[in-house]
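Working notes, beginning with the structure itself.
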Amino acid sequence: MSLDQVCTRFHIALELIGARWSGAVIHMIFKGAHRYADLKAAIPGINDTMLARRLRELEAAGLVERRVLATSPVRVEYHLTEMGQELRPALDQLVDWSHKWIPLPEAAESA
């Protein structure tokens, strides 16, 4: 495999999970938020339009599966596919890295 192929794949993957809110959406689904309202409540600052857009993009990319449950009223849940589940170790390491190196906005302002 050429270096160019590796860089292209890496760039596409980083753009997909690095798009604003995508990482947060995936992370919250990992943590057990599967319904739209739960995801919206768990991600501070995200609006309905952006959450819907990100869920559609992640579904189109094969990372998220939208499940319609035949209940009354109908429920829709979002779950990670096998492809999405395989991101867990990478995102867990990113969380660990961010806790070590990225200050919270309040901490940065008071320093």
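With the first letter of the sequence shown counted as 1, position 5 gets the number 5 in the UniProt record's numbering; the numbers rise by one all the way through.
Glycine included, each C-beta is placed from N, C-alpha and C at the ideal position.
Should W21 go down as buried or exposed, given a rule of 16 or more other Cβ atoms within 10 Å for buried?
buried
Going by CA-CA distance only, name the one from R53, V74, S2 that's closest to L16.
R53
What would DSSP say about D6, mapped onto helix, strand or coil?
Note that residue 6 corresponds to Val in the displayed sequence, not to Asp. Here V6 carries a helix assignment [DSSP, helix/strand/coil].
If V64 sits next to Y78, beta carbons under 8 Å apart, how far is it from one beta carbon to the other, in whole angstroms?
5 Å
Can you list, in chain order, the residues of its chain with a C-beta nearer than 8 Å to that of L51? Leave out the 5 residues immediately preceding and following it.
W21, V25, Y36, L39, K40, I43
Given this structure, state the Cα-to-Cα distance separating R75 from H34, to the nearest angstrom.
Linking R75 to H34 through their CA atoms gives a straight-line distance of about 10 Å.
Using the Cα positions of R56 and F30, report the straight-line distance between them to the nearest angstrom.
17 Å
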